[in-house]
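Protein chains: 2
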Amino acid sequence: MPIEIPDVVIDRLPVYARALASLDRQGRDVVSSQELGAQLGVTPAQIRKDLSYFGRFGKQGRGYNVKRLLEELHQILGLDRKWRMVVVGVGQLGHAVLSYGGFAPQGFDIVEAFDADASVIGKQIGDLVVKPVAAMREALAGQHIDIGIVATPAAAAQQVIDALVESGVRAILNYAPIAAHVPRHVRVKDIDPVLSLQSMTFYLKSDLAHSPPK
Amino acid sequence: MPIEIPDVVIDRLPVYARALASLDRQGRDVVSSQELGAQLGVTPAQIRKDLSYFGRFGKQGRGYNVKRLLEELHQILGLDRKWRMVVVGVGQLGHAVLSYGGFAPQGFDIVEAFDADASVIGKQIGDLVVKPVAAMREALAGQHIDIGIVATPAAAAQQVIDALVESGVRAILNYAPIAAHVPRHVRVKDIDPVLSLQSMTFYLKSDLAHSPPK
DNA sequence: CCTCGATTGCGCAATTTTTCGCAAATGTAG
DNA sequence: CTACATTTGCGAAAAATTGCGCAATCGAGG
Ligand SMILES: NC(=O)c1ccc[n+]([C@@H]2O[C@H](COP(=O)([O-])OP(=O)(O)OC[C@H]3O[C@@H](n4cnc5c(N)ncnc54)[C@H](O)[C@@H]3O)[C@@H](O)[C@H]2O)c1
Ligand SMILES: NC(=O)c1ccc[n+]([C@@H]2O[C@H](COP(=O)([O-])OP(=O)(O)OC[C@H]3O[C@@H](n4cnc5c(N)ncnc54)[C@H](O)[C@@H]3O)[C@@H](O)[C@H]2O)c1
Chain D
1 MPIEIPDVVI
11 DRLPVYARAL
21 ASLDRQGRDV
31 VSSQELGAQL
41 GVTPAQIRKD
51 LSYFGRFGKQ
61 GRGYNVKRLL
71 EELHQILGLD
81 RKWRMVVVGV
91 GQLGHAVLSY
101 GGFAPQGFDI
111 VEAFDADASV
121 IGKQIGDLVV
131 KPVAAMREAL
141 AGQHIDIGIV
151 ATPAAAAQQV
161 IDALVESGVR
171 AILNYAPIAA
181 HVPRHVRVKD
191 IDPVLSLQSM
201 TFYLKSDLAH
211 SPPK
Chain V
1001 MPIEIPDVVI
1011 DRLPVYARAL
1021 ASLDRQGRDV
1031 VSSQELGAQL
1041 GVTPAQIRKD
1051 LSYFGRFGKQ
1061 GRGYNVKRLL
1071 EELHQILGLD
1081 RKWRMVVVGV
1091 GQLGHAVLSY
1101 GGFAPQGFDI
1111 VEAFDADASV
1121 IGKQIGDLVV
1131 KPVAAMREAL
1141 AGQHIDIGIV
1151 ATPAAAAQQV
1161 IDALVESGVR
1171 AILNYAPIAA
1181 HVPRHVRVKD
1191 IDPVLSLQSM
1201 TFYLKSDLAH
1211 SPPK
């Protein structure tokens, strides 16, 4: 029964969900795998196959009901509830993360923020006050935190991650440029724009087209 | 001769390069695929296979010379030269990007910044002055820009991307939560923390372990 | 100069992921 | 009620990716 669902499939579902939400806002009622695929740059067959891991959500000859499919995806991904997150490292990037309006509407609530630097500790951002990272264990002891966001310098990141894991966090969104080590029950996703750039340059490099149009 | 190299392989090379740079800073001279793999959480066989697309860089019985392999990877990825980038959208995130110290040391230079908002235009950040996005075409007309970084709200992102492509940019680092449409000769990498979170919750959701250790 | 433990590079097998192809539904139009 | 244009879900084929196994090679030590 528990057929293994590939990670790649899980990674695509949020993309489908985002597109469906957009279609929904535009008032669209139904969409075919064909159209959705064109919009997202994936093949219709892939969308249908991905969805088929979870059930039968479409109607032959019609396509998918946008609202219905969006709800199903939310349920599948666990987006039909709130997730509690903490941010560690409130520098440039940490500030941007804390004041980003894109998390809360999706059910991702940042409930604590920590930093090591005295000039940041105590600072109020939104309705959070930055606490000392040294007191993180205690601060998190009573509460249930699902996800830790790491935005410290690379040198501090692994120890911060260890502390988050100790505190019961089961997923890490890691902005620091390191390969994090975590126990197997903890998920990690890395966000590193430099790695993204460095893989794109491979293709740019060999592009012979080189002249800016005069 | 031009054996097709899988995209997944290209995506891993920067990760290897980053680890090698770290080993190099630690004064390590050689490393085996075994050790590198353990550090990065990939199998040694995968590392060897990936590298074998490009040549033979190791010595049997020894492993890889750290400096040598790092140089080779830099060459392969095109990191042995400078890349010129522009940032469009200088809000919270754009600020963090502009003042991020992690790009320049890797050869990624931000040479212009644009925004639509009068309260940001003219502002100096580092040694750049934010210019009006309306004048982007003209500002970029003379120069060769390799990569565009998009940090505008979603609603503006596609038109900004179109303008960047028009200006001759061949790669886009897109922070906006949209599925960008670009001509085939343009590369896009998306950075979207919400998508990352939304795929991790799939696994958290089904985790039965739920209680924070008292 | 021989032996031995270590480690690469790579052909090939195994596994994973994507794509194909089509029967079965669905809605529409006549 | 029938014909028809669509589009799904899914088994099976194809393609892509990963992992295995091992001959060849390296350096150290004697
Ligand atoms: N700024 C960006 O655009 C950007 C982009 C990608 C990745 N990153 C990465 O994100 C991280 C943060 O980048 P930034 O630009 O915000 O740097 P920053 O120096 O502005 O902020 C780092 C913050 O972490 C705090 N800190 C240091 N050690 C700590 C510890 N042990 N515990 C808690 N807090 C600690 C510092 O006091 C500081 O406030 C870095 O790893 C960087 O490589 C940044
Ligand atoms: N802040 C984050 O942590 C974060 C994280 C991930 C993704 N994002 C995404 O990055 C983008 C920027 O986020 P932010 O938090 O910096 O938002 P922001 O509102 O602080 O900044 C957006 C900036 O874009 C400018 N802008 C608007 N339209 C423009 C146009 N047509 N041309 C040029 N500039 C234009 C605005 O004037 C503003 O300065 C958004 O798409 C957001 O979803 C942000």
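Line by line, the protein sequences are chains D and V.
The opening position of the first sequence corresponds to residue 1 in the working numbering, with each subsequent residue numbered one higher.
The opening position of the second sequence corresponds to residue 1001 in the working numbering, with each subsequent residue numbered one higher.
Built from N, CA and C at the ideal position, the CB exists for glycine as well.
Report the option in the options whose CA atom is closest to the CA atom of residue i.
i	options	result
G148(D)	H95(D), G37(D), T43(D) and I110(D)	I110(D)
A118(D)	I172(D), H181(D) and V90(D)	V90(D)
P14(D)	A179(D), I172(D), L69(D) and V186(D)	L69(D)
A1045(V)	I1125(V), V1009(V), G1142(V) and D1115(V)	V1009(V)
G58(D)	V31(D), A38(D) and H74(D)	V31(D)
H185(D)	D29(D), E166(D) and K67(D)	E166(D)
V169(D)	A1154(V), M1200(V), R1187(V) and D1029(V)	M1200(V)
D1007(V)	V1160(V), L1077(V), Q1158(V) and G1094(V)	L1077(V)
A163(D)	K67(D), L79(D) and F114(D)	F114(D)
A104(D)	R187(D), S196(D) and L79(D)	L79(D)
R1056(V)	V1129(V), L1023(V), D1192(V) and S1033(V)	S1033(V)
A19(D)	I5(D), E4(D) and E35(D)	E35(D)
G1142(V)	I1005(V), I1191(V), E1112(V) and D1192(V)	E1112(V)
D1192(V)	Y53(D), R12(D) and L23(D)	R12(D)
D29(D)	V129(D), R62(D) and F202(D)	R62(D)
V1129(V)	Q1158(V), S1099(V) and A1154(V)	S1099(V)
A1171(V)	G37(D), Q75(D) and F202(D)	F202(D)
Express the C-alpha separation of residue j and residue i in angstroms, rounding to a whole number.
i	j	result
S211(D)	M1085(V)	Unreliable positioning characterises S211(D) in this predicted model, as indicated by a pLDDT of 43, which lies under 50. A coordinate reading is not provided.
Q198(D)	L51(D)	33 Å
L140(D)	V88(D)	12 Å
Q1060(V)	I1121(V)	58 Å
L204(D)	R137(D)	46 Å
A1180(V)	L1173(V)	10 Å
V1150(V)	G1102(V)	17 Å
K1082(V)	G1107(V)	5 Å
D1146(V)	E72(D)	41 Å
V1097(V)	A134(D)	28 Å
V194(D)	A1017(V)	11 Å
T152(D)	A176(D)	6 Å
L1222(V)	A156(D)	Any answer about residue 1222(V) is impossible in this case: the structure gives chain V only from 1001 up to 1214.
D127(D)	P183(D)	32 Å
Y64(D)	G27(D)	14 Å
L93(D)	L1093(V)	7 Å
R1048(V)	H1095(V)	39 Å
V1188(V)	I1161(V)	10 Å
T1116(V)	H1144(V)	It should be pointed out that residue 1116(V) corresponds to Ala in this sequence rather than to Thr. Approximately 22 Å, taken between the alpha carbons.
I1178(V)	I125(D)	27 Å
V66(D)	S22(D)	10 Å
V1042(V)	S1206(V)	25 Å
M1001(V)	Y1053(V)	Bear in mind that a pLDDT of 47 at M1001(V), under 50, signals an unreliable position, so the number given afterwards is only what the model happens to contain. In a straight line, the C-alpha of M1001(V) is about 11 Å away from that of Y1053(V).
Q1158(V)	D24(D)	19 Å
Taking residue i as part of the beta strand (DSSP E), name the residues at either end of that continuous run.
i	result
L1079(V)	Element bounds for L1079(V): n/a, residue is neither H nor E.
Y64(D)	G63 to N65
D1190(V)	R1187 to D1190
G1148(V)	I1147 to V1150
I1172(V)	A1171 to N1174
Relative to ligand 3, is the shortest distance from any of its heavy atoms to the C-beta of residue i smaller than 7 Å?
i	result
D192(D)	Ligands present in the displayed structure are limited to ligand 1 and ligand 2, and ligand 3 is not among them.
Bridge partners of residue i, per DSSP?
i	result
F1108(V)	W1083(V)
I121(D)	According to DSSP, I121(D) bridges with nothing at all.
D115(D)	P132(D)
G1142(V)	The partner list for G1142(V) (beta bridge, DSSP) is empty, contrary to what the question assumes.
V1088(V)	F1114(V) and V1150(V)
Which two residues bound the contiguous alpha helix (DSSP H) that contains residue i?
i	result
I1005(V)	Looking at the DSSP string, I1005(V) is not in any alpha helix (DSSP H), and its letter there is neither H nor E.
I1161(V)	A1154 to E1166
I1047(V)	P1044 to S1052
A1096(V)	Q1092 to L1098
A1294(V)	No answer is possible for residue 1294(V): the residues shown for chain V start at 1001 and end at 1214.
F202(D)	P193 to S206
Positions along the segment 190 to 202 of chain D whose CB lies within less than 8 Å of some CB in chain V: Listed in sequence order: I191, P193, V194, L195, S196, L197, Q198, S199, M200, T201 and F202.
Positions along the segment 1150 to 1174 of chain V whose CB lies within less than 7 Å of some CB in chain D: Answer set for the segment 1150 to 1174 of chain V: G1168, R1170, A1171 and L1173.
Short-range partners of chain V found in the segment 88 to 113 of chain D, where Cβ spacing is below 8 Å: Of all residues in the segment 88 to 113 of chain D, the ones placed with a Cβ closer than 8 Å to any Cβ belonging to chain V are Q92, L93, H95, A96, V97, S99, Y100, G102, F103, Q106 and F108, in chain order.
Positions along the segment 1023 to 1049 of chain V whose CB lies within less than 9 Å of some CB in chain D: So the list reads Q1039, L1040 and G1041, given in the order they occur along the chain.
Chain-ordered residues of the segment 1115 to 1139 of chain V with a beta carbon less than 9 Å from chain D: The residues in question: there are none.
Interface positions of the segment 1063 to 1077 of chain V facing chain D (Cβ-Cβ less than 8 Å), listed along the chain: Per Cβ criterion, the list reads I1076 and L1077.
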